[in-house]
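Below is one structure, written out as structure tokens; the observations come after it.
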Amino acid sequence: MCGPQCTCPAWSTSCSFSNTSRRKSSKISEVPFEIASYVPQHVCSFSPSKKCDNKKRIGSFNQLELYDGTLIIVPELHIAVREYLDEGDFICFNSKGMQQTPKPPYTGTSYFCNKNECQDNAPLFCTFDTPTATFTTSAGSFVIKAWGVTTKEYFPHLPQLSTDIAISASCIKGGAQVTTNLPIHALETCIRNYCLFITNSSNPQAIFPTSLVAFEYDLRISAWHSGKLVYEQQLHCQPHAICELIRCTICLESLYNPHCWTTLQIATAGAISLLALIGLALLLPLLRATAFLIHLLFRICRAATKRLILNRTTQTRHPSFTPYTGHRRKLLVAAVAIFAKGTMSCSDYISITASELACVTSGNNVTCTFNQATIVTLQPLNQDTCLHMKDTTGKTVGLITIRIRNIYFRCQKRIEFYTRDHRFYSESVHRCRFAGSCGKNTCDNTKTKDRIKEFSHAANNHPGFTFCAASCGCLTCGGCFLCMSSCLFYRYYAYPESSIVYEIFTCPAWELAVEAQIIIQNQDRNQGTFLRLHPGRIARWNKIRMSLLGATVPQLPILSSAFVTDRVRTGIIKQASAGQLITHTIGQLQCVDENEAKKFNCTFPSNVCTCATAITRATCTCSNGNVAELMMKKPLPVVMKNAIIYQNGTSVEAKLSMGTALQLHLVAEDLQLTSIKQNATCTVTVSDVIGCYHCLNGARLELACQSSENTVSAEVTCGHQLQLVTCTKTGHLNRLILNFASPTVNEKCVLACPGGQTEFNIYGSLEYVNDGLLRKEEIVNHNVIDPQFDVNTIISFLKTFISSAIEFVYSFVGLKTIFVLLILIMFCSVFNTLTKQLKTKKKM
1 MCGPQCTCPA
11 WSTSCSFSNT
21 SRRKSSKISE
31 VPFEIASYVP
41 QHVCSFSPSK
51 KCDNKKRIGS
61 FNQLELYDGT
71 LIIVPELHIA
81 VREYLDEGDF
91 ICFNSKGMQQ
101 TPKPPYTGTS
111 YFCNKNECQD
121 NAPLFCTFDT
131 PTATFTTSAG
141 SFVIKAWGVT
151 TKEYFPHLPQ
161 LSTDIAISAS
171 CIKGGAQVTT
181 NLPIHALETC
191 IRNYCLFITN
201 SSNPQAIFPT
211 SLVAFEYDLR
221 ISAWHSGKLV
231 YEQQLHCQPH
241 AICELIRCTI
251 CLESLYNPHC
261 WTTLQIATAG
271 AISLLALIGL
281 ALLLPLLRAT
291 AFLIHLLFRI
301 CRAATKRLIL
311 NRTTQTRHPS
321 FTPYTGHRRK
331 LLVAAVAIFA
341 KGTMSCSDYI
351 SITASELACV
361 TSGNNVTCTF
371 NQATIVTLQP
381 LNQDTCLHMK
391 DTTGKTVGLI
401 TIRIRNIYFR
411 CQKRIEFYTR
421 DHRFYSESVH
431 RCRFAGSCGK
441 NTCDNTKTKD
451 RIKEFSHAAN
461 NHPGFTFCAA
471 SCGCLTCGGC
481 FLCMSSCLFY
491 RYYAYPESSI
501 VYEIFTCPAW
511 ELAVEAQIII
521 QNQDRNQGTF
531 LRLHPGRIAR
541 WNKIRMSLLG
551 ATVPQLPILS
561 SAFVTDRVRT
571 GIIKQASAGQ
581 LITHTIGQLQ
591 CVDENEAKKF
601 NCTFPSNVCT
611 CATAITRATC
621 TCSNGNVAEL
631 MMKKPLPVVM
641 KNAIIYQNGT
651 SVEAKLSMGT
661 ALQLHLVAED
671 LQLTSIKQNA
681 TCTVTVSDVI
691 GCYHCLNGAR
701 LELACQSSEN
711 TVSAEVTCGH
721 QLQLVTCTKT
731 GHLNRLILNF
741 ASPTVNEKCV
751 LACPGGQTEF
761 NIYGSLEYVN
771 DGLLRKEEIV
781 NHNVIDPQFD
791 VNTIISFLKT
801 FISSAIEFVY
811 SFVGLKTIFV
821 LLILIMFCSV
831 FNTLTKQLKT
841 KKKM
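Residue 688 in full-length UniProt numbering sits at position 688 of the sequence shown; the count goes up by one each step and never skips.
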């Protein structure tokens, strides 16, 4: 029974050495044409050709070998290995080991005897042949010899001529200018944590609030085209004077910066004040008359109420009414907005310290180390959290700085179903009684899945629904000879419009990932790296172990949407679930898996079409099945106020553009994480405070701190504001962000060092910028122009002027303000004179 040793081809994963008679059919002429002629989409030819690119490449392919020695490439390996193909597929041997023709009586192996009738002491011993491998396709199966994944040389298609997108960015007054040769689908521009998103624009301008661009700023720019990230750049932009950044004629920014006024604006303000006083003088008699009538009406109502109560009561006590004093009630509304902004120094944080015993087993030896674990609450995006490192002797060996760069959410896919671009067609056929498929009670017995021979091949071989409606007879009804009811057959079916298979999926869960930058500073050098942290997972670097415990993030309802992808682009669609066949949605045509979608073996609801029947034909109106159109209505990336959803390879990710609260578990092996407290004294040198007040960006202060010992941390307290600074023996420059509510700064501050406190004063003159733009954030895809001086502008100005009158009076400082006040006093004098003249004329 033993023959020569059987070996598989070197390239194959496995092979079969069956002796079945079906080996004769394992040749290229018996293989279905679509399998024999298959070539992968990215392959032009496996041999040099003028129609293909001349650059040879190597790729991995699924390959089969037939028993005639032919090698063919297939899309996927669908291999079935069977013990036998039919019950007669076995061989028999006599007592000398010679193969004989199978004929009873015979015996054999237990598996053979379970399938066949065996007899004891039979002259032949039979068994099934070696297992047979078959390749299964939708058109059938055929026997193969070997199969596996192999590497082959191939020549790709000639490169398609396409216009590459060219993008450049530059700093402009108030933001950035992006220049492109083609429209970009999405643009993200960020200064610190504040981002602007622009969609479908050519050469867009990103204009930021004045508080962000009034001083030096770093700008991050990212651009997407056709769902792909095509451009990333960082720019360092120089500031512009506040007067150049004011982009309005009458607004709070202009009013609170009087040094930016031009002579024309001063004259305009005076003219408006004069017109307002004249108008008030003309309306004063009318206002007095109105007030008199209201007062008279109130007195009449009060007298009538008193008389009514006196007539209906028997008590001796008379009701008393609170007299109307006529005094106006004064309403004072105070709003204080304090925005905590990050600095380049270490920020405040909350930490919990515990001891950790870690043991390592190596053979029979167990080595244990005592480490110190710290749980810190990280600050929002781009905030520094600092920890000092000590060795086992308590000596400071360095400083750890952690900064959160980005917060990501990665979609955990759940595939709902597959679908394809499709279109619905209908066919109708009229048959007289006893002609073709029409017989007695035919319409009553016709099922929706029936295939009528009168329909075309496309109608019968694509998913659809068949109906039969009884129609009239006789010659006047379709030319029927018999005056008996005829049959009107009609069927509507779905037909694929492209070969693209779409995957519809949802994201029941989003995996949180945090990109953090960690820097270790010691006496010798500074080391840093970027780590991607996941909840519950440990990240290791340089003897430091970190694990993200949890995060508090905002709710984003758009993350519960459904998505559709064609493996190249992805779009957001309305919620669609498997099994819910809803017309006029992407879920009206559903395929169970990708293979069924490729074969267009899909289902759709019967109410997808509405048909109207006539005597000899049926007319149907059906839903549209253009999936590509639905996908491109909201393609990725999708930008929102505080987040962006984009495609990263084959996955979907969401990135937040705002901060959150994170908890990090941090362990330094053989080190302690603590704060150093040395008996060091500190001296400070400060600059003038510059920036804005009542604004998001705050005011800036540069503070140089010098300590008598090594590097120490100190606290700076200015009023109710607390900042942490670093002090060194040579003096460390710290840049602080403070918030103030008045334009003039003259405040006493305290620097708390381990060796004591130091008092110092800070001074400065701040400017006003309108951060109201942040509350009305919108997509910026057009050039910014000054608003026209019209009636709406005047009304808006008057409303703003009245609501901020108190702050307006206290905020004006300078010669121009005094000049305007003198003009107002002069106008008041003119008004009094005009009033006296009007009274004199009335008396005369």
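No residue lacks a Cβ here, since even glycine has one placed at the ideal position from N, Cα and C. Predicted model, so just to flag it, every value in this text is computed and none were measured.
Helix, strand or coil at G571 [DSSP, three-state]: Here residue 571 refers to the residue found at position 571 of the sequence shown. Strand, per DSSP.
Near the ligand SAM: L308 beta-carbon under 8 Å from a heavy atom: Looking for the ligand SAM in the displayed structure turns up nothing, as the structure carries no ligands at all.
Three-pair Cβ contact test at 8 Å for the region 622-634 versus the region 563-575: The region 622-634 vs the region 563-575: in contact.
Per DSSP, cross-strand counterpart(s) of T691: Walking along the sequence shown from the start, residue 691 turns up at place 691. For clarity, residue 691 is Gly in the given sequence; the question names Thr instead. In the DSSP output, where bridge partners are listed per residue, G691 has A699.
Selected residue, minimal CA-CA separation from T766, among Q757, N746, V712, N94: Locating residue 766 in the sequence shown gives position 766, where the first residue counts as 1. For clarity, residue 766 is Leu in the given sequence; the question names Thr instead. Closest by alpha carbon: N746.
Unbroken alpha helix (DSSP H) run spanning E416, endpoints: For the purposes of this step, residue 416 is taken as the residue at position 416 of the sequence shown. Looking at the DSSP string, E416 is not in any alpha helix (DSSP H); the run it does join, the beta strand (DSSP E), is 396-431.
Alpha helix (DSSP H) runs contained entirely in the region 561-625, provided each spans 4 or more residues: The region 561-625 contains these whole alpha helix (DSSP H) runs: 594-598.
C-alpha distance - Y490 paired with P605, whole-angstrom precision: Numbered from its first residue, the sequence shown carries residue 490 at position 490. Numbered from its first residue, the sequence shown carries residue 605 at position 605. Distance between the alpha carbons of Y490 and P605: 16 Å.
Which of helix, strand or coil DSSP assigns to G719: Here residue 719 refers to the residue found at position 719 when the sequence shown is read from its first residue. Per DSSP, reduced to three states, the secondary structure at G719 is coil, with no helix or strand assignment.
DSSP bridge partner residues for R82 (one or two, in chain order): As a first step, residue 82 must be located in the sequence shown, where it is residue number 82. Residue pairing of R82 in beta bridges, as defined by DSSP: T132.
Backbone CA spacing between S18 and I407 [nearest angstrom]: Working through the sequence shown from its first residue, we reach residue 18 at position 18. Working through the sequence shown from its first residue, we reach residue 407 at position 407. So the alpha carbons of these two residues sit roughly 58 Å apart.
Spatially closest choice to Y256 from T263, L264, L733, C243, by CA coordinates: Along the sequence shown, one-based indexing puts residue 256 at 256. Nearest option by C-alpha distance: C243.
Beta-carbon proximity check, T703 vs T374, cutoff 9 Å: Residue numbering aside, residue 703 sits at position 703 when the sequence shown is read from its first letter. Residue numbering aside, residue 374 sits at position 374 when the sequence shown is read from its first letter. For the record, residue 703 in the displayed sequence is Leu; it is not Thr. Not a contact, by the Cβ cut-off of 9 Å.
Buried or exposed by the 16-neighbour rule on C-beta atoms within 10 Å, applied to L533: The residue given as residue 533 occupies position 533 in the sequence shown. Counting Cβ neighbours within 10 Å, L533 comes out buried, since at least 16 surround it.
Three-way DSSP call (helix, strand, coil) for C260 in this model: Position 260 of the sequence shown, counted from the first residue, corresponds to residue 260. Three-state DSSP puts C260 in a helix.
Cβ-Cβ distance between L662 and T401 below 9 Å: Taking the sequence shown and counting its residues from 1, the one referred to as residue 662 is at position 662. Taking the sequence shown and counting its residues from 1, the one referred to as residue 401 is at position 401. For L662 and T401, no; Cβs fall outside 9 Å.
Secondary structure of Q41, DSSP reduced to three states: Your numbering for residue 41 matches position 41 in the sequence shown. Q41: coil per DSSP, three-state reduction.
Pairwise C-alpha distance: L66 and T13: In the sequence shown, counting from the first residue as 1, residue 13 sits at position 13. In the sequence shown, counting from the first residue as 1, residue 66 sits at position 66. If you draw a straight line from the Cα of T13 to the Cα of L66, it is about 15 Å long.
Spatial neighbours of C443 in its chain, beta-carbon cut-off 7 Å, leaving aside the 5 residues before and after: Position 443 of the sequence shown, counting from 1, holds the residue named residue 443. Annotation for C443: C468, A469, A470, C487 place their beta carbon closer than 7 Å to its own, counting only its chain and skipping 5 residues before and after.
Boundaries (first-last residue) of the alpha helix (DSSP H) holding E669: Mapped onto the sequence shown, residue 669 falls at position 669. In this chain, E669 is not harboured by any alpha helix (DSSP H), its DSSP state being neither H nor E.
Backbone CA spacing between Q721 and S168 [nearest angstrom]: Locating residue 721 in the sequence shown gives position 721, counting from the first residue. Locating residue 168 in the sequence shown gives position 168, counting from the first residue. Going from the Cα of Q721 to the Cα of S168 covers about 41 Å.
Exposed unless 16 or more other CB atoms sit within 10 angstroms - verdict on H42: On the sequence shown, residue 42 is found 42 positions in, with the first residue counted as 1. Taking every protein chain shown into account, the CB of H42 has fewer than 16 other CB atoms within 10 angstroms, so this residue is exposed.
Which residues DSSP lists as bridging M546, in chain order: Position 546 of the sequence shown holds residue 546. In the DSSP assignment, M546 is bridged to A539, L666.
Option nearest L724 by Cα separation, candidates I72, P754, A241: Taking the sequence shown and counting its residues from 1, one reaches residue 724 at position 724. Selected option, being the one with the closest Cα: P754.
Beta bridge counterpart(s) of E653 as assigned by DSSP: Against the sequence shown, residue 653 aligns to sequence position 653. In DSSP, E653 forms a bridge with R410, Y646.
Range covered by the beta strand (DSSP E) that runs through A176: Numbered from its first residue, the sequence shown carries residue 176 at position 176. Unbroken beta strand (DSSP E) run through A176: 175-180.
Separation of Q580 from C591, as counted between CA atoms: On the sequence shown, residue 591 is found 591 positions in, with the first residue counted as 1. On the sequence shown, residue 580 is found 580 positions in, with the first residue counted as 1. When rounded, the distance between both Cα atoms is 12 Å.
M98 classed as buried or exposed, judged by whether at least 16 other C-beta atoms fall within 10 angstroms: Within the sequence shown, residue 98 is the residue found at index 98, counting from 1. By the beta-carbon neighbour count (other beta carbons within 10 angstroms, threshold 16), M98 is exposed.
Residue range of the beta strand (DSSP E) that includes C507: For this step, residue 507 is matched to residue 507 along the sequence shown. Note, C507: beta strand (DSSP E), 486-521.
Residues near S25 in its chain [Cβ-Cβ closer than 7 Å; skip 5 each side]: Position 25 of the sequence shown holds residue 25. Beyond the five residues adjoining it in sequence on each side, S25 comes within less than 7 Å, by CB distance, of F142, V143 in the same chain, given in chain order.
Where the beta strand (DSSP E) containing H732 begins and where it ends: Within the sequence shown, residue 732 is the residue found at index 732, counting from 1. Under the DSSP assignment, H732 falls in the beta strand (DSSP E) whose first and last residues are 732-738.
For H236: DSSP bridge partner residues: If you number the sequence shown from 1, residue 236 lands on position 236. For H236, which the question treats as bridged, DSSP gives the partners D218.
Endpoints, the alpha helix (DSSP H) within which S141 is located: As a working mapping, residue 141 is identified with position 141 in the sequence shown. Taken as a continuous stretch (DSSP letters only), S141 belongs to no alpha helix (DSSP H), being part of the beta strand (DSSP E) at 140-144.
Per-residue burial, C359 [other beta carbons within 10 Å of its own, 16 or more giving buried]: As a working note, residue 359 is residue 359 in the sequence shown. Under this definition C359 is an exposed residue.
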